Amino acid sequence: MRATPTESFSFVYSCDLQTNVQVKVAEFEGIFRDAINPVRRLNQLFAEITVYCNNQQIGYPVCTSFHTPPDSSQLARQKLIQKWNEWLTLPIRYSDLSRDSFLHITIWEHEDDADYVNNLNSTFPRRLVAQSRLSMFSKRGILKSGVIDVQMTVSEKPDPYTKQAETWKFSDAWGEEIDLLFKQVTRQSRGLVEDVPWLDPFASRRIELIRAKYKHSSPDRHIFLVLEMAAIRLGPTFYKVVYYEDESKNMRVSTSVNGGVGIVTACTRYCVADPELLLDSLAEVKHSAMTRRIRDSGDERHRQVKPNKQAKDRLEMIVNLPSSQVLTREQRDLVWKFRHYLRQFPKALNKYLRSVNWAQPQEVKMALALMNDWELIEAEDALELLSSAFTHPAVRAYSVSRLLEAASPEQVLLYLPQLVQALKYEQNQSGDTEEEAQTPEDAPESVKKATTPTSEDSEAKDIQVVTKKEARKASGDLATFLIDYALASPKVSNYLYWHLKTEIESTKTTEEHLSKMYQNIQDRLMEALVKRHDTRAQVDSLQQQQVFVEDLIVLMNEAKARGGRLNDGKSAEFRTMLSRAKHMLELKGVHLPLDPSYRLISVIPDTAGFFKSEMMPAKISFKVQPTTGKVDKNFLEEYTVIFKTGDDLRQDQLIQQMVRLIDIILKKEQLDLKLTPYLVLATGVGQGFVQCIKSKPLRAIQEQYKAHKLDCIREAMKELRPGDGPFGIESNVIDNYVRSLAGYSVIMYILGLGDRHLDNLLLCENGKLFHVDFGFILGRDPKPMPPPMKLTSEMVQVMGGVKSKQFLEFVQHVDSAYRILRRHSNVLLNLFSLMLDAGIPDIASEPDKAIFKIEQRLRLDLSDEAATKHIFTQIESSLNAKMAMISDIIHAYKQNLM
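Here's what the structure looks like:
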């Protein structure tokens, strides 16, 4: 190898590389000795790499796959412990690396010892073998590249901040010649040494033998992990990555020293603190105000101005932006300029109201006048105007008027949780009585004319108001709107009462003024129900429901306390207590809080029991009678519910609301995916009911039909519903399965449902599959590397494998549903935005990112064709997910221990 006469240093700034960092994990080599058991051999190793920047962990750890260890001959001859040769993509881009970034590298062994598993607080049994850390940049700020021998330290507990020898180097004892030899090897890897084709292969093999000989001859018996950093290459030229921050973060004053191509320039950087950096430019603010004032001077020409084709395209893009997108100043000015043109488009109203400067009285006056002349918006768009972004009373009053006129009773019932949350953003949060609530003076005429009569003489009119849409009236008060709707519908009054009760409890300690406001609204509801003869019975019903829930909690707590340590003993005690509780055996027709269309006649004690889980929810069956018709004890139905205490069901309630909404949206688009939106009702912060659908968990089916292995689910369906359809099963059963699996796969991906295992995937006899238990949403998951969708081999095998006709139908249904939901993204985002302050755990943890997470999964930036490719990629990724299979095995093992 000979050095070229002229050498150049080719480099690229780290801030210019927008790709993710890649590292190849090659081999784990050396001589390993367990201090406790010297004869123990390592088995099923995997490497894990975690990125740290500014001493903070970035993203999740990335790990290799499991591999069987090499045979004993390789282990002895080559000192090889494990071999992977896998490229890992780290969750950070080169441009995002900090100067002090480093990799924490750990080697783990899959642990089979049952006793060890029991004591391990981990998602799957593993034991730490060794660890080390590797700085990403050298002391000169150059990203490390090529093959690196990382010296590992045998450890018992992972610690990324432990000081360790990062990389192995030859000691001074090996002599200067060896040092020069390997420096020449480094120069060749950079392309600084001329290649000699006939000699290089022989030289490389010989150099590796020398390296291995000296590396493993140390008396300290070091162990090493061989890594290879991805090379940056353009054509035949290799580039070094030099750390450099973006100029937008730090002002840079550079002085070129012999500046030229391939020569590093000397730089002096100064950090300048600018307190006005993120503020609006005063010149732009003044220009915008003057421009708007000129256009609004009363000249009719400004009202007739129409956009050209380029402006139309920009306006269409702005109107189609998701409701969560913040408009730029240029976009707001463009909407304001063509507002008279846009008023013929209902979808443009919300963007126009976001473009108004609400601090300018003149603009506000014109905006409210134009809002009243705008083409009427739909009910789902009116929800956005009730969010915290719109605080003007007239705008909120307009939104209420549109809900009153455009929303069906079913829509109001569906949106009820969000409407209750929107009460927090009303300016009148004192909970004034209905007589004290005033219509805003600057409200639109359509709202001013809609004032609700309050005298007792108008009872007959009140009934007509809420039964005929053309005669409905309301003030601009959201609370009054909800109470009026509750007077018309017993079901609305039932759910409104329980939603208000939950909010009273949840805000009592954190926001007392809101708790008082909700309490006042609940009092107004009860007073309004008492005043009218036809609704007076609902007050008694709600009070009876409250007593019923309290009695049920007392019985459950006593059974858990008396029943001993085992679940079976507690369940037996619960059944005994129910059979002796006269008030439970004679419920006297109290409405079921979860579903007020049924009256409870009596409990069925023999079928009651507790589930095997930490909070031990109870499964209870009742004899019920539908509210339509008289109570006849000879013809009673059975209704099974799950009652939970200690669990916050508001998150499950939200997800089931989304499932119900998605089901409605898809059916309107002529796509029925056989979803199962069961009922969930939180009767308090830590209690509530869940409707129990007759079904069986996939875990139980897998255990019962385990002799059939991958065909276990299909065999269960064949036994329950044999027929002339595919695989010997009724055709409609297979169709139900394919459609429901597609529907819930899309829902799981969009809403980021986590902790999906075979115990919370249930299968009905008719083939419909559905998900339960939503303790983790929006991408949160207690398991590592969760798949985008839950698709196990057994679930795919029901459809005949990935090459079957049924699987093709599944993929087509997923694609169709994904496209439809992207078109209706605004209603999903609006409903979620109204729940940001609801205290729902996975939203409250990062409320500023909740909407973004859904928007990101919908990929609204892509065309339909690109979105199809994206969702197909998610399906493929889910099918190839190995970690999900391991997590299912561990979950089943833990369940068997309970």
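Quick note on the working numbering: the sequence shown kicks off at 16 and runs consecutively.
Glycine residues also receive a C-beta, built at the ideal position from the N, C-alpha and C atoms.
The structure presented is a predicted model; accordingly, all values stated were derived computationally and were not measured.
By the CB criterion at 8 Å, I157 and K255 fall inside the cutoff. By the CB criterion at 8 Å, V415 and F496 fall inside the cutoff.
In terms of Cα proximity to T660, the closest of M673, E629, V66 and L676 is E629.
In the assembly as shown, K884 is an exposed residue. Its beta-carbon has fewer than 16 other beta-carbons within 10 Å. Counted as a single uninterrupted DSSP element, the alpha helix (DSSP H) harbouring H528 occupies residues E527 to K546.
A residue is called buried once 16 or more other Cβ atoms fall within 10 Å of its Cβ, and T550 is buried on that count. Per the coordinates, the alpha-carbon of Q559 lies some 6 Å from the alpha-carbon of V605.
Within 10 angstroms of the beta-carbon of S760 lie 16 or more other beta-carbons, which makes it buried. In its chain, beyond the 5 residues on either side, A145, Q146, S147 and Q179 have a beta carbon closer than 7 Å to the beta carbon of T168.
Assigned with DSSP and collapsed to three states, P173 falls in coil, not helix or strand.
Apart from the 5 residues on each side of it in sequence, Q534 sits with its Cβ closer than 6 Å to the Cβ of I519 in its chain, given in chain order. Sixteen is the threshold: when 16 or more other Cβ atoms of the shown chains lie within 10 Å of the Cβ of D667, as they do, the residue is buried.
Going by beta carbons, L849 and I869 fall outside the 8 Å limit. By the Cβ neighbour-count rule, I122 is buried, with 16 or more other Cβ atoms within 10 Å of its own. Beta-bridge annotation (DSSP): K516 is not paired with any residue. DSSP links K39 through a beta bridge to W102 and E243. In the structure shown, Y693 adopts coil according to DSSP, grouped into three states.
Taken in chain order, the complete alpha helix (DSSP H) segments of 4 residues or longer contained in the segment 323-407 are 324-334, 344-352, 354-357, 364-369, 376-388 and 394-397. Burial of I670 is indicated by the presence of at least 16 other C-beta atoms within 10 angstroms of its C-beta.
Per DSSP, reduced to three states, the secondary structure at K711 is strand. Distance from the CA atom of S170 to the CA atom of L688, rounded to whole angstroms, is 52 Å.
Beta-bridge pairing by DSSP links I762 to no other residue. Fully enclosed alpha helix (DSSP H) runs of no fewer than 4 residues occupy 856-859, 862-873 and 879-894 of the segment 847-908, in order along the chain. Collapsing the DSSP output to three states places M814 in coil.
Pairwise C-beta distances place the segment 710-719 out of contact with the segment 853-869, as fewer than three of them are shorter than 8 Å. In this structure, the CA atom of K94 is about 6 Å from the CA atom of I46. DSSP, read as helix, strand or coil, puts S296 in coil.
When DSSP states are grouped into helix, strand and coil, R48 belongs to the coil group. Per DSSP, the beta-bridge partners of H119 are T65 and R148.
Rounded to the nearest whole angstrom, the C-alpha separation of P140 and H125 is 6 Å.
In the DSSP assignment, K585 falls within the unbroken alpha helix (DSSP H) covering N582 to R595. For R142, DSSP records a beta bridge to E124. Scanning Q377, Q426, V435 and P212 for the CA closest to the CA of E395 turns up Q426. DSSP lists no bridge partner for Y833.
Per DSSP, Q561 is one residue of the alpha helix (DSSP H) stretching across R551 to R577. In the displayed model, R838 falls within a helix according to three-state DSSP.
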